[in-house]
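**Student:** Chains as they are written, first to last, in the working numbering: chain W, 57 to 305; chain G, 1191 to 1475; chain F, 37 to 633.
#1: Anyone know if the C-beta pair for residue 218(F) and residue 349(F) falls short of 8 Å?
#2: Could you work out which residues of chain W lie near residue 536(F), taking near to mean beta carbons separated by less than 9 Å?
#3: Compare the C-alpha of residue 204(W) against each of 226(W), 185(W), 215(W), 176(W) and name the closest.
#4: Which of the three DSSP states is assigned to residue 494(F) in this structure?
#5: Would you tell me roughly how many angstroms separate the C-alpha atoms of residue 306(W) and residue 214(W), rounded to the nearest one?
#6: Note down the Cα distance separating residue 375(F) from residue 619(F), rounded to an integer number of angstroms.
#7: By Cβ distance, which residues of its chain are closer than 6 Å to residue 306(W), with the 5 residues on each side in sequence left out?
#8: Buried or exposed: which applies to residue 556(F), given that a residue is buried once 16 or more other Cβ atoms fall within 10 Å of its Cβ?
#9: Give, in chain order, every residue of the segment 92-109 of chain W whose Cβ lies closer than 8 Å to some Cβ of chain F.
#10: Using a Cβ-Cβ cut-off of less than 8 Å, give me the residues of the segment 161-181 of chain W that come near chain G, in sequence order.
#11: Leaving out five residues before and five after residue 92(F) in sequence, what residues of the same chain have Cβ atoms less than 7 Å from its Cβ?
#12: Under a three-way DSSP split, which group does residue 41(F) fall into?
#13: Please list the terminal residues of the continuous alpha helix (DSSP H) segment that includes residue 1342(G).
#14: Under 9 Å, CB to CB, which of the residues in the segment 578-610 of chain F have a partner in chain W?
#15: When you compare only the Cα positions, how much space is there between residue 66(W) and residue 128(W)?
#16: Run the CB neighbour count on residue 589(F), radius 10 Å, all protein chains shown included, and call it buried at 16 or more, exposed below.
#17: Pull out every residue of the segment 183-211 of chain W whose Cβ sits closer than 9 Å to any Cβ of chain G, in chain order.
#18: Can you tell me which residues form a DSSP beta bridge with residue 1213(G)?
#19: Please state whether the Cβ-Cβ distance between residue 194(F) and residue 124(F) is less than 8 Å.
#20: Following the continuous beta strand (DSSP E) through residue 387(F), name the residue where it begins and the one where it ends.
#21: In this structure, does DSSP put residue 200(W) in helix, strand or coil?
#22: Would you list the residues sitting across from residue 611(F) in a DSSP beta bridge?
#23: Would the beta-carbon of residue 170(F) fall within 8 Å of that of residue 180(F)?
#24: Determine the contact status of residue 1229(G) and residue 1402(G), defining contact as a CB-CB distance below 8 Å.
#25: For residue 230(W), would you say it is in contact with chain G, using Cβ-to-Cβ distances shorter than 8 Å as the test?
#26: Helix or strand or just coil, what does DSSP make of residue 338(F)?
#27: Can you give the beta carbon distance from residue 1350(G) to residue 158(W), rounded, assuming they're within the 8 Å contact cut?
#28: Going by beta-carbon coordinates alone, are residue 148(F) and residue 116(F) separated by less than 8 Å?
#29: Note down the Cα distance separating residue 434(F) from residue 454(F), rounded to an integer number of angstroms.
#30: If distances are taken between C-alpha atoms only, which option among 518(F), 327(F), 277(F), 513(F) comes closest to residue 368(F)?
#31: Could you check what DSSP says for residue 73(W) in three-state terms: helix, strand or coil?
#32: Does the CB of residue 1460(G) have a neighbour CB from chain F at under 8 Å?
#33: So if I threshold CB-CB distances at 7 Å, which residues from the segment 1289-1309 of chain G count as touching chain W?
#34: Across the segment 407-426 of chain F and the segment 230-248 of chain F, are there enough close Cβ pairs to call them in contact, namely three or more that are closer than 8 Å?
#35: In this structure, does DSSP put residue 444(F) in helix, strand or coil?
#36: What three-state label does DSSP hand residue 287(W) in the structure shown?
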């Protein structure tokens, strides 16, 4: 579909000149992002840099003050989060926010709400295969699960929707190290399903190990855009983080 | 006379409880406490009386028509007085818009229907005295509503979607749940339940334009006591209020019933801690 | 000398062309028209005028509660009823003279106004509205039921004022005089620090606490004053009607009063006045059915809220007022701070010892000890979630510590509320600026001195000269503070028209007007450009040189290390490192904590 968006270079997701904020507070300035199908791209940066804000702007959870976003060739700048979801851009928000008074099963069925009833069952069972831990607890209220299990549940909710691109906000936050590895293992597995992943991660080292590319966001601006290999070189990230204080004026 | 108090108390309590449930339904998906449920109850009573009593429609047609009118007003409440205000930072504005809407509904009905209370037609013509249908119809309606809603929430996926939007609208949105549509539906449902209270309680309440104001206050007391958002609380609070009123009516009589009710209400409101003043206090600073 | 200061103030700030003189002319014209009314229109319309004045006496008081304090007192008619019956009963049954009964009505109004004010302190908007609704219903029912006293449904005659007020024309002028008094009281409070304080409580309660507004006391005094006016309006109403019955005091009437304030514009005087005139005239124009006029009035409220939330006042401003244009930010002039901060009381240190704070299961602060010495800058850094803001909140009284000791100088702070701590000289800014959007930048800055006004509420209401002088002195101090931070050219803009970074500077200016002994700054440099950070640094250094202690929470590592005398690093609620900036900077653990590796 022809759009007035920037030249479609075949990428799955492109953001150009993106700006966003909350009321009078401007958080993001001039952000450009590209994610190709099947890629795993990591977004790192110090706290308060605007990483969650960037994901929310991409998926339409907050309004954009500037810039355009294109997904699978379509201009999605003005679309609602639900509409983006139907196109295959799924956002798993931070904080393992399951729906606490509903059961695990209901949480997953809800994620498949726009599927026909028969397909829902299949999708939910697929999710249990990836995360047998929550399959065991399917009849329990999601609020009774541990933090780690809840995190698995929200990712499972993402899986159920068969996304083309999954926006993952801090999947490992607050998890014990062994669970972090489990979760990140699942995330790398997305690549084999053909799902691209754009993830915000605090566990920088681990994220870099499984990502293809890395963006670093500092004070609302992209200060690093490179492949994961280069980002792992000593001093590269530190320079990006601390150097930005002078660049951002 | 204890029986009289109980029968009359539970009957009026059932009406109040249903209005309370209407408040809950509007609140759950929008976090807005609206001034309109009482007026929607009045619409159920007045239009029920008009369609069946004046125009002579058959019972179920008249019932559906009256519910239809109320649902339209319920939809308008969401569309015109709640949705525009939700976007604003100033949260209290919904009190003003819904108050304005409630007042407008009341005045329009007063102009069209007149200001005298008019009788509500007998529906089935069953029972006399304390076993008259005017006492047990509202009670039956109340329990049907309560049970139906519980079934809806627990057993259907759309009910789960309602709960999702009520619990965490951002998470629901991210999951792809159409939160706006859910909210509109919940307002229509709230209007339906409110009108049910007025319709099935019509023989007890009369078709009276000022009914709206009465129901607004007395329908709110159950949820103020029972906890906003809890239908069970609305039921208990409603019956408690109904019985309290009838008891006061018997002992103190007529005019001072209101005083007793209000004093009990305000005392409990100030004493009951925590949950009554809104849900968990968000981090202020 | 006061005039000299005013002269400096008025020449320094950008001039707001013509608005003042136009407003004064308008008011004078209205007053003149009102005085001449009985001679220009027939008897009927004069009676309508009398009614408008009587309503205005009540609505002026309601304006303070609803418009300024923001309490949704939907059922205020109960006070009108109480005033009316008090006066009528005293005159009819106890033979009191009318003016004495008028005062008694005011006293009864004061008492019940105070009583209604109590639930407003604890109940949120809708709940409070319902409470007032219930209250007014009860009052009417008591009037109906207590026959021996009130005459029940039959009612009783209203008070009769002595000559020359016993004729309709005479009564018109009595009502007019009362309306003028009500306006005078309203205006005095509205334009004073109490008025600003009320708007702050209404819109930005956190900011109000941070400058030390004693919210309970202020609200109760306001409710009491409104009660007095409503009670007296009731007595006048009863006199005008010559005979009162309970059904004259309907809930609908109460809602109409409430609407008058809101369509007039919250936090305004003239708007609600116009709203009152519309209220009184509408039934005449929308005759024959009073219900149509009620319908239209409610529709008007809906339109106002949806389209012009600022009401008639905003509408008039758009039509007649020239847009207030601000300039941009200027370079700060730190030297002006000398005038602002003035003489210092003995400098005090802020000490935290073993402070712990949990939220549910989370230990936000886990035994933190820290001292901010007077005349020094103490930097506080650490990753997000490390507890920096929590520490500030604990120190300033917005959170209560579960364990440990916090002291300011010799005084233990543990039992003190946030507004008391502000009064002790602890000033703070917030991560997200808390400014009062509906007040001007200058008025926001003046809020800082709230606790330093000495003239009491009743004296201010009556127009105390000393109050006016205090206001002028604080105004000058605020101007100095704005010049010092560079906001001079924006002084007359509404605070919600400011950019985010400008709002941050406004918060700092407000703190400075407070003449604090210690300043707690929460990430003041967030979002600032390189130059702006330099300006901030100069300001902080100058503030320090004047003997004020500063606790600086920041993410901009450069700024912290440059300006601090000592630095504390927090991580997961504990002190990770502490010492001179140079030492802390190279501490390996600190670097790890920041980069999250």
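Glycine residues also receive a C-beta, built at the ideal position from the N, C-alpha and C atoms. Please read all numbers here as calculations on a predicted model, not as lab measurements.
**Tutor:** Working from what's here:
#1: Mapped onto the third chain, residue 218(F) falls at position 182. Mapped onto the third chain, residue 349(F) falls at position 313. No. Outside cutoff.
#2: Here the question's residue 536(F) lines up with position 500 in the third chain. Those within 9 Å of residue 536(F) in chain W are 77, 79, 80, 81, 82.
#3: Position 148 of the first chain, counted from the first residue, corresponds to residue 204(W). The residue with the shortest Cα to Cα distance from residue 204(W) is 226(W).
#4: By 1-based counting over the third chain, the position of residue 494(F) is 458. The answer is helix: DSSP assigns residue 494(F) an H, G or I state.
#5: Nothing can be reported for residue 306(W): it is not among the residues displayed for chain W, which extend from 57 to 305.
#6: Residue 375(F) sits at position 339 when you count from the first residue of the third chain. Residue 619(F) sits at position 583 when you count from the first residue of the third chain. Put simply, the backbone Cα of residue 375(F) is about 36 Å away from that of residue 619(F).
#7: Nothing about residue 306(W) can be reported from this structure: the residues present for chain W run from 57 to 305 only.
#8: On the third chain, residue 556(F) is found 520 positions in, with the first residue counted as 1. Under this definition residue 556(F) is a buried residue.
#9: 102, 103, 104
#10: 162, 165, 166, 167, 169, 170
#11: Residue numbering aside, residue 92(F) sits at position 56 when the third chain is read from its first letter. Cβ neighbours of residue 92(F) beyond the five flanking positions: 215, 218, 309, 312.
#12: Position 5 of the third chain holds residue 41(F). Low confidence applies here, because residue 41(F) scores a pLDDT of 40, under 50, leaving its location unreliable and the question unanswered by this model.
#13: Sequence index remark: in the second chain, residue 1342(G) carries index 152 (1-based). Start and end: 1323-1345.
#14: Taking 9 Å as the Cβ-Cβ cut-off against chain W, the residues of the segment 578-610 of chain F that qualify are 591, 592, 593, 594, 595.
#15: Taking the first chain and counting its residues from 1, one reaches residue 66(W) at position 10. Taking the first chain and counting its residues from 1, one reaches residue 128(W) at position 72. So the alpha carbons of these two residues sit roughly 8 Å apart.
#16: On the third chain, position 553 is the one that residue 589(F) refers to. Here residue 589(F) is buried: its Cβ has 16 or more other Cβ atoms, across all protein chains shown, within 10 Å.
#17: 210
#18: Here residue 1213(G) refers to the residue found at position 23 of the second chain. Per DSSP, none; premise fails for residue 1213(G).
#19: Taking the first residue of the third chain as position 1, residue 194(F) is located at position 158. Taking the first residue of the third chain as position 1, residue 124(F) is located at position 88. Cβ distance < 8 Å, so residue 194(F) and residue 124(F) count as in contact.
#20: Residue 387(F) sits at position 351 when you count from the first residue of the third chain. Segment 386-395, the beta strand (DSSP E) holding residue 387(F).
#21: Residue mapping note: residue 200(W) aligns to position 144 of the first chain, counting from 1. The answer is helix: DSSP assigns residue 200(W) an H, G or I state.
#22: Translated into the one-based positions of the third chain, residue 611(F) becomes position 575. Answer by DSSP bridge pairing, in chain order: 606(F).
#23: For the purposes of this step, residue 170(F) is taken as the residue at position 134 of the third chain. For the purposes of this step, residue 180(F) is taken as the residue at position 144 of the third chain. No, the Cβ-Cβ distance between residue 170(F) and residue 180(F) is not below 8 Å.
#24: To locate residue 1229(G), count along the second chain from 1; it is residue 39. To locate residue 1402(G), count along the second chain from 1; it is residue 212. For residue 1229(G) and residue 1402(G), yes; Cβs fall inside 8 Å.
#25: Position 174 of the first chain, counted from the first residue, corresponds to residue 230(W). By this cut-off, residue 230(W) is not an interface position.
#26: Within the third chain, numbered from 1, the residue matching residue 338(F) stands at position 302. If DSSP states are grouped into helix, strand and coil, residue 338(F) belongs with the helices.
#27: Looking up residue 1350(G) in the second chain gives position 160. Looking up residue 158(W) in the first chain gives position 102. Under the criterion of beta carbons closer than 8 Å, residue 1350(G) and residue 158(W) qualify as touching, at roughly 6 Å.
#28: Taking the first residue of the third chain as 1, we reach residue 148(F) at position 112. Taking the first residue of the third chain as 1, we reach residue 116(F) at position 80. Not a contact, by the Cβ cut-off of 8 Å.
#29: Locating residue 434(F) in the third chain gives position 398, counting from the first residue. Locating residue 454(F) in the third chain gives position 418, counting from the first residue. Cα-Cα distance, rounded: 6 Å.
#30: Against the third chain, residue 368(F) aligns to sequence position 332. Residue 518(F) is the option with its Cα nearest to residue 368(F).
#31: Here residue 73(W) refers to the residue found at position 17 of the first chain. The answer is strand: DSSP assigns residue 73(W) an E or B state.
#32: Looking up residue 1460(G) in the second chain gives position 270. At least one C-beta of chain F is nearer than 8 Å to the C-beta of residue 1460(G).
#33: none
#34: no
#35: For this step, residue 444(F) is matched to residue 408 along the third chain. Strand, per DSSP.
#36: Counting from one through the first chain, the residue named residue 287(W) turns up at place 231. DSSP, reduced to helix, strand and coil, places residue 287(W) within a helical segment of the structure shown.
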